[in-house]
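One structure is given here, and the rest of the page talks about it.
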Amino acid sequence: MAKFMFLLLMLGAFSLMFFQAEAIICMACSMFMNGRCVEGEGECIMEEGGACTTRDIYLSNVRGEFLYNHTVLECSKPCNPSKKSYFHLKISSFCCQSQDFCNRYKVKLVNKYAN
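Numbered according to mature numbering (1 follows the signal peptide of the UniProt record, and there is no 0), the sequence shown spans residues -23 to -1, 1 to 92.
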């Protein structure tokens, strides 16, 4: 009986290790600006059916042009890549599931105007 219990315990531990190896870790930051996270820096684990998400936030100026403001990095379920506008706000969302930290914001020149 002890061998059977040991076998069940080992089987449970193996399955736990297997499923943890499948988890994708995403960057998390509630406000990413000027190449660094200024608020809410951390990590999150992508849920099944979810994705690592990058959302670029644009605000309109007095001339009605949308100017880049900041980026939000997070885990989303579900994640739907999109471009949405709400009067003075525009949000562009991108999703990835390829590898750990696939939503890491790469330092690049961001078009200050939204398309």
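Ideal placement from N, C-alpha and C gives every residue a C-beta, glycine not left out. In this text, all values refer to a predicted model and were calculated from it rather than measured experimentally.
Find out if the Cβ-Cβ distance for the pair His47, Met8 is shorter than 8 Å.
yes
Whole-Å CB distance - Ser62 paired with Gly27, under 8 Å assumed
Wrong, their Cβ atoms sit about 25 Å apart, outside the cutoff.
Determine whether the beta carbon atoms of Arg32 and Ser75 lie at a separation below 8 Å.
no
For Glu16, the three-state DSSP class (helix, strand or coil):
strand
What are the start and end residues of the beta strand (DSSP E) that includes Ala5?
Ile2 to Met10
Opening and closing residue of the beta strand (DSSP E) in which Ser37 lies:
Ala28 to Ser37
Rounded Cβ spacing between Cys79 and Cys56 (contact assumed at less than 8 Å)
Not a contact, Cβ separation roughly 12 Å.
Looking only at its own chain, which residues have a Cβ that is under 6 Å from the Cβ of Arg81, when we skip the five neighbours before and after it?
Met4
Determine the closest residue to Leu36 out of Lys67, Ser59 and Gly12, with distance taken between C-alpha atoms.
Lys67
Quick one: grab the DSSP three-state call for Glu(-2).
helix
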